[in-house]
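Undergrad: Below is the structure I would like to discuss, written out as structure tokens.
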């Protein structure tokens, strides 16, 4: 049986474990067979990796020795693996603090959601490993670190959601204020049109003659006064209705 490419060729895994391995790492999980423990974990994911996860594996053989790939060092490699998650979470936290617009918050959340799922699964695997190998006291610290990561990413996600909600609400409030200002301007224009409408209607009886000739007509100034009075009355009626 061929070994998957994420399992080092030098690892002599028992047949009961090897037959359960696929070509890709699959979801984060553990395998405990014949006294040997294999942890199949994921490197910190991102929103741009097309859901293709990079495998990070840790193996405790029957002699109690820990080995790891691609990180070396066994349990030291596992601690370094947790540190890589911590680095990404800290980066996301910094981006949330710097975000100002809904778009910026959305871009952060795109990268945050895969990290949330991966961190939650990582904690489940670490908790199971701790229960399966209670004699490995160092797993207690590593499990606790995974729990800290899970809490940290949840806090960052909560801050990002709150910031995005506030940004959207603030934008909606600004749009409402702008719409109200536009309505006020429209009302002013309507009142202005109401004031001049009677005057324009009455003056139109003079036709399109040159201004000098129009002013020579006997009823010109009287028409202007009457039109202005009617316009003022219409203006008051429109203003009272509003």
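Numbering (my numbering), first residue to last: 0 to 241. Ideal placement from N, C-alpha and C gives every residue a C-beta, glycine not left out. On a predicted model such as this, the values are computed, not experimentally measured, just so you know.
Just verifying my parser: in three-state terms, what is the DSSP assignment at residue 161?
TA: Three-state result, residue 161: helix.
Undergrad: Within a Cβ cutoff of 7 Å, which residues of the same chain sit near residue 46, ignoring the five residues on either side of it in sequence?
TA: 109, 110, 113
Undergrad: Rounding to the nearest angstrom, what Cα-Cα distance links residue 32 and residue 15 in this structure?
TA: 6 Å
Undergrad: Counting only runs that start and end within the segment 48 to 122, where is the beta strand (DSSP E) found for 3 or more residues in a row?
TA: Whole beta strand (DSSP E) segments, 3+ residues: 54 to 59, 65 to 68.
Undergrad: Please determine, among 122, 102, 87, 97, the residue with the shortest C-alpha to C-alpha distance to residue 40.
TA: 122
Undergrad: Whose C-alpha, out of 76, 104, 35, is nearest the C-alpha of residue 160?
TA: 104
Undergrad: What's the gap between the Cα of residue 131 and the Cα of residue 86?
TA: 28 Å
Undergrad: Span of the alpha helix (DSSP H) holding residue 17?
TA: Element bounds for residue 17: 14 to 17.
Undergrad: Compute the Euclidean distance between the alpha carbons of residue 156 and residue 42, then round it to the nearest angstrom.
TA: When the Cα atoms are used, residue 156 and residue 42 turn out to be separated by approximately 19 Å.
Undergrad: Taking the DSSP output, what are the residues bridged to residue 31?
TA: 36
Undergrad: Going straight from the alpha carbon of residue 153 to that of residue 185, what length do you get?
TA: 48 Å
Undergrad: Below 8 Å CB to CB, which residues in the same chain sit around residue 34 once its five sequence neighbours on both sides are set aside?
TA: 61
Undergrad: Relative to the alpha-carbon of residue 4, which residue among 150, 98, 133, 69 has its alpha-carbon at the smallest distance?
TA: 69
Undergrad: For residue 228, count the other beta carbons within 10 Å of its own beta carbon; 16 or more makes it buried, fewer makes it exposed. Which is it?
TA: exposed
Undergrad: So residue 145 and residue 125 are supposed to be a Cβ contact under 8 Å. How far apart are they, rounded?
TA: 4 Å
Undergrad: Roughly how far, in whole angstroms, is the beta-carbon of residue 119 from the beta-carbon of residue 129, given that I think they are within contact range, below 8 Å?
TA: Contact doesn't hold; Cβ gap of about 16 Å is too wide.
Undergrad: Would you please state the rounded distance, in angstroms, between the beta carbons of residue 56 and residue 36? I believe it to be under 8 Å.
TA: Rounded, the Cβ-Cβ distance is 11 Å, inconsistent with contact.
Undergrad: Return the CA-CA distance between residue 162 and residue 49, expressed in angstroms with no decimal places.
TA: 27 Å
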